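Chemist: Just so we're aligned, residue 27 is where the sequence shown starts under this note's numbering, counting upward by one. Virtual Cβ for every residue (Gly too), placed ideally from N, Cα, C. Quick caveat: nothing in here was measured; it's all calculated off a predicted structure.
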Amino acid sequence: MAAAITMITTQILPTPVGPVSVLAHDGVVVAAGFSADPQEQFVRLPAALRALPLVEGDLGDIAQAVRDYLDGDLDALDRVPVEQPGTETRQRLYTALRGVRAGTTVSYGRLAEMAGLPRTAARAAGSACAQNLIAPFVPCHRVLPTTGGFGGYYYGVPVKEWLLAHEGRRPAPVTP
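1. Please identify the residue among R127, T146, A147 whose C-alpha is closest to the C-alpha of H167.
2. Take the Cβ of E114 as the centre, count every other Cβ of all protein chains shown within 10 Å, and call the residue buried at 16 or more, exposed below.
3. Can you check which of these residues, K186, M33, G44, is closest to A77 by C-alpha distance?
4. Threshold first: 3 residues or longer. Then list the beta strand (DSSP E) segments lying entirely within the region 140-183, N to C.
5. When the Cα atoms are used, what is the spatial distance from R105 to S47?
6. Secondary structure at L189, three-state DSSP: helix, strand or coil?
7. Should Q65 be labelled buried (16 or more other beta-carbon atoms within 10 Å of its own) or exposed?
8. Starting from G59, follow its DSSP beta bridges and name the residues at the other end.
9. Starting from T36, trace the beta strand (DSSP E) both ways and give me its first and last residue.
10. Pop quiz: Q37 and L159 are said to be a contact at Cβ under 8 Å. What is the actual Cβ separation, rounded to whole angstroms?
11. Report all residues from its chain with a CB closer than 7 Å to the CB of L137; omit the five preceding and five following residues, and keep chain order.
12. Please classify E193 as buried or exposed, where buried requires at least 16 neighbouring CB atoms within 10 angstroms.
13. Should the region 78-92 be called in touch with the region 39-55, which here means at least 3 C-beta pairs below 8 Å?
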């Protein structure tokens with residue numbers, strides 16, 4: 027019996043703020059981002075996943091979740107399994123991020139608290155957001171600075187602004 031060929035499957039989906047490339051391995055999203063070029067996400071993957079072939083295909087339920095989110099089912103992306111590398115602390119922060127509901131925002135300090143870390147771990151929370159490979163499935167766009175405004179976003183502030191507006195949330199006030 028031949029061994030199953032394992033690969034990274036990618037699909038590019040249209041959104042109102044430009045295409046989103048989604049990459050999955052065995053039905054689990056391992057990278058996603060607002061770009062028409064899946065290679066931009068692929069090169070950020072761990073070496074073991076980069077060793078696999080990247081193949082365009084239909085991601086089925088994952089792609090449907092993106093469409094459902096865009097059509098107003100704001101919890102659709104929460105049901106998609108995701109996996110990305112990181113330390114135990116970073117994994118706790120990513121889990122906490124997935125707990126920030128659509129239509130709400132938190133500060134970096136509050137995100138750290140939600141992850142069971144001291145508020146002083148806000149810098150670690152910011153670093154986790156900056157290194158997040160799976161936007162918008164791991165919704166780092168829902169984290170805003172306590173000083174006001176939108177802060178940064180890997181794919182640009184206009185994309186972050188659109189996501190928050192789509193979810194019905196404006197940038198102030200932030201849960202400190």
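Modeler: Walking through what the data contain:
1. What you label residue 167 is simply residue 141 of the sequence shown in a count that begins at 1. Out of R127, T146, A147, R127 has the C-alpha closest to the C-alpha of H167.
2. One-based indexing of the sequence shown puts residue 114 at position 88. So E114 counts as exposed.
3. Here residue 77 refers to the residue found at position 51 of the sequence shown. Looking from the CA of A77, the closest CA among K186, M33, G44 belongs to M33.
4. none
5. As a working mapping, residue 105 is identified with position 79 in the sequence shown. As a working mapping, residue 47 is identified with position 21 in the sequence shown. The alpha-carbon atoms of R105 and S47 are separated by roughly 18 Å.
6. Residue 189 sits at position 163 when you count from the first residue of the sequence shown. L189 falls in the helix class under three-state DSSP.
7. What you label residue 65 is simply residue 39 of the sequence shown in a count that begins at 1. Its Cβ having fewer than 16 others within 10 Å, Q65 is exposed.
8. Here residue 59 is taken as the residue at index 33 of the sequence shown, counted from 1. According to DSSP, which records beta bridges pairwise, G59 is partnered with S47.
9. Numbered from 1 along the sequence shown, position 10 holds the residue referred to as residue 36. Per DSSP, T36 belongs to the beta strand (DSSP E) from 34-39.
10. Taking the sequence shown and counting its residues from 1, the one referred to as residue 37 is at position 11. Taking the sequence shown and counting its residues from 1, the one referred to as residue 159 is at position 133. For Q37 against L159, the beta-carbon gap comes to about 16 Å, at or over 8 Å, which does not count as contact.
11. The count along the sequence shown starts at 1 and reaches residue 137 at position 111. Closer than 7 Å at the Cβ level, and outside the excluded window around L137, lie L119, A122, L123, A151, V169.
12. If you number the sequence shown from 1, residue 193 lands on position 167. E193 comes out buried.
13. yes
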